[in-house]
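A.B. asks: Structure below; questions to follow.
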Amino acid sequence: MTHVHFIGIGGYSMSGLALLLKHQGYEVTGSDVNPSSRTERVERQGITVQYVHRPENVAGADWVVYNTDVAEDNPERAEAVRLGIPLYHRSEILARVLEGFEAITVSGTHGKTTTTTMIGTILQDAGADPAVLVGGEVAQFEGNVRVGHGRYAVAEADESDGTFLRYHPWVAVATNVEPEHLDHYEGSFDALQQAFAVYLNKVPDTGLAVIGVDNPVLRTISQTLAVPFVTYGLTEEAMLRATNIQLTPALTRYTVMWQNQPVGTATLAVPGVHNVVNSLAALAVAHHTGIAWDDALQSLATFSNAQRRFQVIVDTPVMIVDDYAHHPTEIRSTLQACRQRTPGRIFALFQPQRYIRTKNLWTEFTHAFDDADELYLTEIYAPPGEAPIAGVSGERLAQAIADQGKTVHFRPDMFSVVEDVLGRMVPGDTFITMGAGNVYMVGRELAKKLEASDVAGSGL
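Put into structure tokens, the structure is as follows:
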């Protein structure tokens, strides 16, 4: 039996991949720095996890798996090199796993997790028993992975480090392309665009490239593809598009048009026009697998998103929401969705992530918060190993946004926001946390304060 050891097994993609290998008969072990719901889940499935990185953890392993964030001097990675144990990037192992399925991969700057979850849910509801690997906690999958035994596997394909080119998808979805993660493309947006063209051209003659043509980059790529493809979006030129979009606080409805003919009405409980577009991608994939329009639409009507994707923590008398949005485009879409849901004011707390992203998207960030009535900013959340950049900080970004006329409060201690908004919010208002770091903890702390003080029961 092949023994596979995962360095950093608590990550979303790593833990899900470890569980898939476990269910395929591999012996699996792992290590991480801290326990989490994901490490606890893999332990419940019989995977031993060590909560310290040390050389002896790789003893007896036939393969050692790492992800992009694991440095070469990590003691386990270094020991694997010393012992001659084959080292594999997470994406190389996922590529091996996907070879056993008709693989459906989802890539793009935004919308990967939601679109992957929608596709997996539709296939699950249709009885296809798919394997699904997603970058978030999903209630209907009881975690971040679904171990399926059917023909299909659905997985996010990460363009940020170029590893999405390792896969050979049967269906390749591209949601959008923006100039993000260019440090992995030698600073070249052209190189990123060329990588997406290669990714989409990988599908076989029986497969399909599914392309979001509201995005100008993908629209251009679609004109040069040499493989079967379907375009989707809000633009009239899209082969699959949405018309008659109705946004209400409770629901979103739209007419689904396929080749300029109506094929049904979609109803979504998840808010925002961006989720209309995500759902179109899922419908295009479902149609290619032979699922009837009505069946796919029925599945979407009961769809619930992954955690940290417009996750409502408290609904009344004020609403507390958490979202993973960390890019200006995602922030705008999330705040627009929030405006759809709430009749009152929006208090937003944003935690920037990575100095390099903040620097590269500085101007875009200063215009991303138009739908927030009041904005709180905290300091930049940087991953281990990323050095600060002179002149780039949460405080300076807050000032740059304030210079555009927005009411902004900089809070180095993000938990200080709780008492501030607690004394100012009234029924109908919304507090939303946004960012890829640990900012979600503030919304949960606010929810505890509301419950403990019985403010929620007294109508604030």
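Okay, so the sequence shown: first residue is 3 according to this note's numbering, each after it adds one.
Glycine included, C-beta positions come from ideal geometry on N, C-alpha and C.
How many angstroms separate the CA atom of G445 from the CA atom of A228?
C.D. replies: G445 and A228: Cα-Cα distance of roughly 47 Å.
A.B. asks: Mapping the DSSP letters down to three states, classify A374 as helix, strand or coil.
C.D. replies: A374: coil per DSSP, three-state reduction.
A.B. asks: For the beta strand (DSSP E) holding E74, just list the boundary residues, first then last.
C.D. replies: Element bounds for E74: n/a, residue is neither H nor E.
A.B. asks: Per DSSP, what kind of secondary structure is I382 in: helix, strand or coil?
C.D. replies: Three-state DSSP puts I382 in coil, outside helix and strand.
A.B. asks: Across the stretch 100-118 and the stretch 274-286, are there enough close Cβ pairs to call them in contact, namely three or more that are closer than 8 Å?
C.D. replies: The stretch 100-118 is in contact with the stretch 274-286.
A.B. asks: Could you round the C-beta distance between G145 and R43 to whole angstroms and report it? I think they count as a contact, below 8 Å.
C.D. replies: Their Cβ separation, rounded to whole angstroms, is 6 Å, which keeps G145 and R43 in contact under 8 Å.
A.B. asks: So H7 and A63 are in contact, right, with Cβ under 8 Å, and what is the actual spacing, rounded?
C.D. replies: About 4 Å separates the two Cβ atoms, so the contact holds.
A.B. asks: Starting from D160 and walking both ways along the beta strand (DSSP E), at which residues does that stretch end?
C.D. replies: Careful: D160 lies outside any beta strand (DSSP E) and carries neither H nor E.
A.B. asks: Label I49 either buried or exposed according to how many other C-beta atoms from any shown protein chain fall within 10 Å of its C-beta, with 16 as the threshold for buried.
C.D. replies: I49 comes out buried.
A.B. asks: Quick check: the stretch 292-303 against the stretch 407-418, are there 3 or more CB pairs under 8 Å?
C.D. replies: Counting Cβ pairs under 8 Å, fewer than three are found: no touch.
A.B. asks: So the candidates are I124, E94, I106; which of them puts its Cα closest to the Cα of I293?
C.D. replies: The candidate whose alpha carbon is nearest that of I293 is I124.
A.B. asks: Per the contact definition of three or more C-beta pairs closer than 8 Å, is the stretch 261-270 in contact with the stretch 84-97?
C.D. replies: Result no; under three Cβ-Cβ pairs closer than 8 Å.
A.B. asks: Looking at the secondary structure, which residues open and close the alpha helix (DSSP H) in which R92 lies?
C.D. replies: First-last of the alpha helix (DSSP H) with R92: 92-100.
A.B. asks: Is the beta carbon of M321 closer than 7 Å to that of T435?
C.D. replies: Contact: no.
A.B. asks: Would you kindly work out how many angstroms separate the C-alpha atoms of G463 and D415, rounded to a whole number?
C.D. replies: What the structure shows of the chain is the stretch from 3 to 462, and residue 463 is not part of that stretch, so it cannot be assessed.
A.B. asks: From D216 to A174, what distance separates their C-alpha atoms?
C.D. replies: Approximately 17 Å between the Cα atoms of the pair.
A.B. asks: Identify the residues that DSSP records as bridge partners of Y68: which are they?
C.D. replies: Beta-bridge pairing links Y68 to H91.
A.B. asks: What are the boundary residues of the beta strand (DSSP E) that M259 is part of?
C.D. replies: It spans 254-260 - the beta strand (DSSP E) in which M259 sits, taken as one unbroken run.
A.B. asks: Helix, strand or coil for A454 per DSSP?
C.D. replies: Three-state DSSP puts A454 in a helix.
A.B. asks: Helix, strand or coil for F103? Go by DSSP, reduced to three states.
C.D. replies: Coil, per DSSP.
A.B. asks: Report all residues from its chain with a CB closer than 7 Å to the CB of Q190; omit the five preceding and five following residues, and keep chain order.
C.D. replies: This sequence places Ser at residue 190; Gln is not what is there. Contacts found: L184.
A.B. asks: Would the beta-carbon of L135 fall within 7 Å of that of A105?
C.D. replies: No. Outside cutoff.
A.B. asks: Touching or not, the stretch 238-245 and the stretch 325-338, by the rule of three or more beta carbon pairs under 8 Å?
C.D. replies: Judged by Cβ distances under 8 Å, the stretch 238-245 makes no contact with the stretch 325-338, as fewer than three pairs qualify.
A.B. asks: Using the C-alpha atoms, what's the distance from F352 back to I315?
C.D. replies: Looking at the two C-alpha atoms, the distance is approximately 17 Å.
A.B. asks: Cβ atoms of A159 and F166: under 7 Å apart, would you say?
C.D. replies: Yes, the Cβ-Cβ distance between F166 and A159 is below 7 Å.
A.B. asks: Among the candidates G12, Y234, Q355, whose CA atom is the shortest distance from the CA of A389?
C.D. replies: The shortest Cα separation from A389 among G12, Y234, Q355 belongs to Q355.
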